[in-house]
DNA sequence: TTAGATGCAAAGGCTTTGCAATTCT
DNA sequence: AGAATTGCAAAGCCTTTGCATCTAA
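What follows is the structure in structure tokens.
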């Protein structure tokens, strides 16, 4: 963890960005909760107590920087808000299971199949990034629906803006 | 094509939506250009000449309805604007190749691999939809960069909002 | 020292919504 | 007739930006 942060700092400097306190705390939060998918607002809320001076616009600007150098990745679950996840160098390729009822986003290891890569390379398309998401109901919500605890589709989160 | 539209109309009625002139022209446009990925604004522009009265908010509301009944699908290329594509019943599963330089979005046949589906089902996750996108440079832009016609990365479209 | 980064408030841009008028069924 | 739909304008919401101030290097 400490090493991850040290590497990140040197990467930032190498890319001609400064290592500011704000960038450090934001990156540290994302790295510490590498399975979470934070919105800018959530990051701001999470850090506000310890860093009362942190501005929301700084969070937004920092996310742009961190994504630019490849330390984090942006994810869109379809609700009109960008979410971000830490992206370690050795991060395994994964896709997202997005529950349309509770909004939970879960990673699942799943490499891009060779057959798919071949198809794309055949198009002479140079891949630099990818995103694979599956929408549906997580096991938790499926169980709750089956047990009659929730049944009204109106309870679904509003995924399509 | 005519049959597609007829089926669509009966589907709308079955789902308790009315078949209005606005819904018809919008659906007809999307169905006629099934390989395109229209933004609400583009749909509005495309139809304004023939239907001067069509309002942009009606386009937005119609897109919600058409997506709700499963006639179209929403796509996010990461620029903060929603795009929509016609989704026929017999549409082959496909993913999107999104060029980060020219913004072109291209479909490519590519079914969800069985191994991936198995992994997800193992999580007891009930899939209702999915989205697979690959970002990078299309063959056209790759060629232009190689030929020195474009080289400044600043020309890239701004994909991350 | 000084170019880059931050905070705040204001502006932007896409999308949604209130409401009166219109139109499918 | 009556409820759904439409258009317009206004509002919402997430995100970006201008600018004076601050700060890492």
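Chains as they are written, first to last, in our numbering: chain A, 1 to 161; chain B, 162 to 322. Even for Gly, the Cβ is constructed at its ideal location relative to N, Cα and C.
query: If you follow the beta strand (DSSP E) that residue 128 of chain A is part of, which residue opens it and which one closes it?; result: 126 to 137
query: When you compare the region 102 to 117 of chain A with the region 65 to 72 of chain A, are there three or more beta-carbon pairs, one atom per stretch, that lie closer than 8 Å?; result: no
query: Please check the pair residue 116 of chain A and residue 299 of chain B, which I expect to be a contact at CB under 8 Å, by giving their CB distance rounded to whole angstroms.; result: 17 Å between Cβ atoms; not a contact.
query: Counting only Cβ pairs nearer than 8 Å, list the residues of chain B close to residue 76 of chain A.; result: 237, 239
query: Tell me, please, which residues DSSP counts as bridged to residue 245 of chain B.; result: B:199, B:235
query: Kindly indicate if chain B contains any beta-carbon less than 9 Å away from that of residue 201 of chain A.; result: Since the first residue shown for chain A is 1 and the last is 161, residue 201 of chain A is missing from the structure and cannot be characterised.
query: Taking 9 Å as the threshold (beta carbon to beta carbon), is residue 274 of chain B in contact with chain A?; result: yes
query: For residue 136 of chain A, go through chain B and note every residue whose CB falls closer than 9 Å to its CB, in chain order.; result: 281, 286, 287, 288, 289, 290, 291
query: Check whether the Cβ of residue 183 of chain A lies closer than 9 Å to any Cβ atom in chain B.; result: The structure shown does not extend to residue 183 of chain A, since chain A is modelled only from 1 to 161, so the question has no answer here.
query: Kindly indicate which three-state DSSP category residue 315 of chain B falls into: helix, strand or coil?; result: Because the pLDDT at residue 315 of chain B is just 45, under 50, the model does not fix this residue reliably, and the value given afterwards should be weighed accordingly. Residue state, collapsed to three classes: helix.
query: Anything in the region 170 to 186 of chain B with a Cβ closer than 9 Å to a Cβ of chain A? List those residues in chain order, please.; result: none
query: Using 8 Å for Cβ pairs, my map puts residue 89 of chain A next to residue 296 of chain B. What's the rounded Cβ distance?; result: Not really, about 19 Å apart at Cβ, beyond 8 Å.
query: Tell me the rounded alpha-carbon separation between residue 152 of chain A and residue 236 of chain B.; result: A caution first: residue 152 of chain A carries a pLDDT of 48, below 50, which makes its placement in the model unreliable, though a value can still be read off. Approximately 26 Å, taken between the alpha carbons.
query: Roughly how many angstroms lie between the CA atoms of residue 201 of chain B and residue 4 of chain A, to the nearest whole one?; result: 43 Å
query: Indicate the three-state DSSP secondary structure (helix, strand or coil) for residue 259 of chain B in the structure shown.; result: strand
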